[in-house]
Amino acid sequence: MLKTADVVIIGGGAIGTSLLYHLTAKGLRNVVLLEKGLLCAGSTGDSAAIVRQHYSNEVGIHLVRKSVEIFQNFPDMFDGAEVFHNVGWYFLVPPEAADIFNNNMARLKRLGVRTWEVSVADAAEALPGLNMEGIGCVAFEPDSGYANPHGMASAFAAKAKSNGAQIYLQTPARDIKLNNGRVSAVVTDQGEISTPVVVNAAGPWAKSVGRWVGLDLPLEITRESEVVARIPADLPPMRHAVSNMVDRTYWRPEQRGMLLVGVGHPKENELTDPDHYSRDVSRDFVEDITRRLTHRLPAMGQALFVKGWSGLYTVTPDWNMILDKSPDVEGLYLAVGGSGHSFKISPAIGLCMAELIADGAAGTVDITPLQGARFTEETHLSSTYGGNRA
Ligand SMILES: Cc1cc2nc3c(=O)[nH]c(=O)nc-3n(C[C@H](O)[C@H](O)[C@H](O)COP(=O)(O)OP(=O)(O)OC[C@H]3O[C@@H](n4cnc5c(N)ncnc54)[C@H](O)[C@@H]3O)c2cc1C
10 MLKTADVVII GGGAIGTSLL YHLTAKGLRN VVLLEKGLLC AGSTGDSAAI VRQHYSNEVG
70 IHLVRKSVEI FQNFPDMFDG AEVFHNVGWY FLVPPEAADI FNNNMARLKR LGVRTWEVSV
130 ADAAEALPGL NMEGIGCVAF EPDSGYANPH GMASAFAAKA KSNGAQIYLQ TPARDIKLNN
190 GRVSAVVTDQ GEISTPVVVN AAGPWAKSVG RWVGLDLPLE ITRESEVVAR IPADLPPMRH
250 AVSNMVDRTY WRPEQRGMLL VGVGHPKENE LTDPDHYSRD VSRDFVEDIT RRLTHRLPAM
310 GQALFVKGWS GLYTVTPDWN MILDKSPDVE GLYLAVGGSG HSFKISPAIG LCMAELIADG
370 AAGTVDITPL QGARFTEETH LSSTYGGNRA
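What the sequence shown shows, in the numbering used here, is residues 10 to 399, in sequence order.
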């Protein structure tokens, strides 16, 4: 194991691997990523990985636009790796949310997102078997879809390695050492790596990592379930990704004629401990999601549910990430609090954090609205729909 590094990243999920690659793309070579399991062992591996651009704050819109650009150029940038399924995304909204929907659509268009409203009847044509009842407005994004989280993280990691980075799997960071209030080393079971810069990208474990240096990061961990169902043979294929605010579900195609389905916000947060939680889905969850899904897609009443799992969201008070240089511990950077929607923005987050570390500020997108101090200064970001709809 290396004895010294310019940067040590703790965490090999979407954020850590994206950052590792982007640091090497900026010319840094002596950079290390520590992952306590395998790549995508945390939230990233459990993610639905839906990529939509309908954000309601400007920083989110800029981050997702840049990320979509990276997703679209992925095969050229990463030796042919095909990780993005550009199947288009539909957003079903109830009539009572029409005003905020219209405001958001105007902002999205002003900031360059290709999106437009379609009629409910047109949406029903594109989404076979859709029950149109109760849908007020529908947005469509032709450039959105979903991605393969493992494919993305492993492509970032492989390119970073070929650029000279070191990745240590099954190597938990155990502690961060400080010298006169600044970062000096990361401790592992294989020894210490001296470094002036540490990045906390530990997902649901980021709060524990923060505690090592006396930080109480404002993060809560919630348990989130998803299921995969086989689409009945007599139903045409489901080609698009969908967020359905009317019944609070989302779905997108999964391989081999399957549909991946989850429950959206608002809902009760199930707070949990990332080291002790059930990975299963409960019977109540399956019953609830079946009811919601078959109301909107009645033919799915015949669907067979084939698997399900529960993963973790790491939630900040305003459901947006903290991307920052720690004001309290010199040399420590924070890329924490994915809040259930940060897979899709991870390509741009890695780029912006690399700029913050290497250049002192992020030039591609101004990420200062995501500084950690926003909570103490009461400059929370607003998110018009609430929860992880950001
Ligand atoms: C069920 C579910 C559905 C989701 N759906 C979507 C979606 O449709 N679209 C979207 O954009 N987002 C979605 N998200 C959110 C998204 O997946 C996360 O925001 C994103 O993956 C967070 O990435 P991360 O790198 O911050 O965290 P993680 O992927 O959790 O990575 C952190 C890594 O750090 C490692 N680690 C922790 N502690 C240590 C240590 N001490 N030493 C070494 N390694 C350590 C962990 O093992 C882990 O691999 C979903 C999340 C879940 C759970």
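All C-beta atoms, glycine included, are put in the ideal place defined by N, C-alpha and C.
In the DSSP output, what is residue i paired with across the bridge?
{"i": "Met267", "result": "Arg239 and Glu263"}
{"i": "Phe93", "result": "Ala156"}
{"i": "Gly320", "result": "Glu233"}
{"i": "Thr13", "result": "Ser203"}
{"i": "Asp282", "result": "His285"}
{"i": "Leu43", "result": "Ile19 and Tyr177"}
{"i": "Trp98", "result": "Glu150 and Ala250"}
{"i": "Glu105", "result": "Partner(s): none; Glu105 has no beta bridge."}
{"i": "Val272", "result": "Thr258"}
{"i": "Asn209", "result": "Ile19 and Leu343"}
{"i": "Ala60", "result": "A quick correction: the sequence has Val, not Ala, at residue 60. Paired residues: Gly154."}
{"i": "Glu126", "result": "Ala148"}
Starting from residue i and walking both ways along the beta strand (DSSP E), at which residues does that stretch end?
{"i": "Asp184", "result": "Ala182 to Asn188"}
{"i": "Glu67", "result": "Glu67 -> not in any beta strand (DSSP E); alpha helix (DSSP H) instead, spanning Glu67 to Gln81."}
{"i": "Ser252", "result": "Ala250 to Asn253"}
{"i": "Val196", "result": "Arg191 to Thr197"}
Give the single residue among the options whose Cα lies nearest to the Cα of residue i.
{"i": "Phe87", "options": "Glu387, Gly340, Arg220 and Lys170", "result": "Lys170"}
{"i": "Val127", "options": "Ala156, Lys75, Ala312 and Gly97", "result": "Gly97"}
{"i": "Gly200", "options": "Tyr177, Asn189, Asn140 and Val206", "result": "Tyr177"}
{"i": "Val208", "options": "Tyr394, Ile24, Thr393 and Thr13", "result": "Ile24"}
{"i": "Val68", "options": "Thr377, Trp221 and Gln175", "result": "Thr377"}
{"i": "Arg38", "options": "Arg292, Ala57, Leu11 and His63", "result": "Leu11"}
{"i": "Ser203", "options": "Ser392, Val16 and Ser391", "result": "Val16"}
{"i": "Ala382", "options": "Ser348, Pro326, Gly369 and Pro356", "result": "Pro326"}
{"i": "Asp184", "options": "Trp214, Pro158 and Asn172", "result": "Trp214"}
{"i": "Gly190", "options": "Arg248, Glu339 and Pro181", "result": "Glu339"}
{"i": "Ser392", "options": "Asp85, Asn113, Ser252 and Ala50", "result": "Asn113"}
{"i": "Ile366", "options": "Phe100, Val206, Thr180 and Ile19", "result": "Val206"}
{"i": "Ser76", "options": "Arg61, Ala90, Gly89 and Asp85", "result": "Arg61"}
{"i": "Gln380", "options": "Ala167, Asn329, Leu268 and Lys353", "result": "Asn329"}
{"i": "Leu321", "options": "Phe149, Ser52 and Glu134", "result": "Ser52"}
{"i": "Asn82", "options": "Ala370, Gly349, Asp152 and Leu29", "result": "Asp152"}
{"i": "Arg257", "options": "Asp225, Cys49 and Leu302", "result": "Leu302"}
{"i": "Asp368", "options": "Glu387, Lys35 and Ile19", "result": "Lys35"}
{"i": "Thr373", "options": "Ile19, Val73 and Ala50", "result": "Val73"}
{"i": "Gly89", "options": "Val236, Phe165 and Ser27", "result": "Phe165"}
{"i": "Gln264", "options": "Ala156, Ala14, His63 and Val102", "result": "Ala156"}
{"i": "Pro283", "options": "Val129, Gly395 and Ala211", "result": "Ala211"}
{"i": "Gly317", "options": "Ile70, Leu228, Thr299 and Leu32", "result": "Thr299"}
{"i": "Ala344", "options": "Leu29, Asn188 and Thr13", "result": "Leu29"}
{"i": "Ile70", "options": "Phe384, Thr388, Ser351 and Leu187", "result": "Ser351"}
{"i": "Gly22", "options": "Ser163, Gly143 and Phe80", "result": "Ser163"}
{"i": "Ser3", "options": "Val195, Pro84, Ile109 and Glu105", "result": "The shown model of the chain, from 10 to 399, leaves out residue 3, and the question about it has no answer."}
{"i": "Ile331", "options": "Gly143, Gly347 and Arg261", "result": "Gly347"}
{"i": "Asp402", "options": "Leu187, Pro181 and Val192", "result": "The displayed coordinates of the chain run from 10 to 399. Any statement about residue 402 would go beyond what the structure contains."}
Considering just the uninterrupted stretch of the alpha helix (DSSP H) at residue i, what are its terminal residues?
{"i": "Thr33", "result": "Ala23 to Ala34"}
{"i": "Thr53", "result": "Ser52 to Asp55"}
{"i": "Glu134", "result": "Val129 to Ala135"}
{"i": "Asn140", "result": "Careful: Asn140 lies outside any alpha helix (DSSP H) and carries neither H nor E."}
{"i": "Gly219", "result": "Ala215 to Arg220"}
**Prompt:** Touch check for the stretch 44 to 54 and the stretch 111 to 121: three-plus C-beta pairs under 8 Å?
**Reply:** no
**Request:** Note down, one range per segment and in chain order, each beta strand (DSSP E) of at least 3 residues found wholly within the stretch 298 to 382.
**Result:** 313 to 324, 331 to 334 and 341 to 345
**Prompt:** Are the stretch 307 to 315 and the stretch 331 to 341 in contact at 8 Å, needing three or more beta carbon pairs?
**Reply:** no
**Item:** the stretch 219 to 229 contacting the stretch 55 to 72, beta-carbon criterion three pairs below 8 Å
**Value:** no
**Prompt:** Hey, is the stretch 93 to 112 in contact with the stretch 264 to 272, meaning 3+ C-beta pairs nearer than 8 Å?
**Reply:** no
**Asked** Does the stretch 240 to 248 come close enough to the stretch 284 to 300 that 3 or more CB-CB pairs lie under 8 Å?
**Response** no
**Request:** Could you say if the stretch 298 to 310 and the stretch 133 to 146 meet the contact criterion of at least three C-beta pairs nearer than 8 Å?
**Result:** yes
**Request:** Indicate whether the contact test is met: 3 or more Cβ pairs, each with one atom in the stretch 341 to 358 and one in the stretch 248 to 255, closer than 8 Å.
**Result:** no
**Request:** Would you be able to state if there are at least three C-beta pairs under 8 Å between the stretch 99 to 114 and the stretch 222 to 239?
**Result:** no
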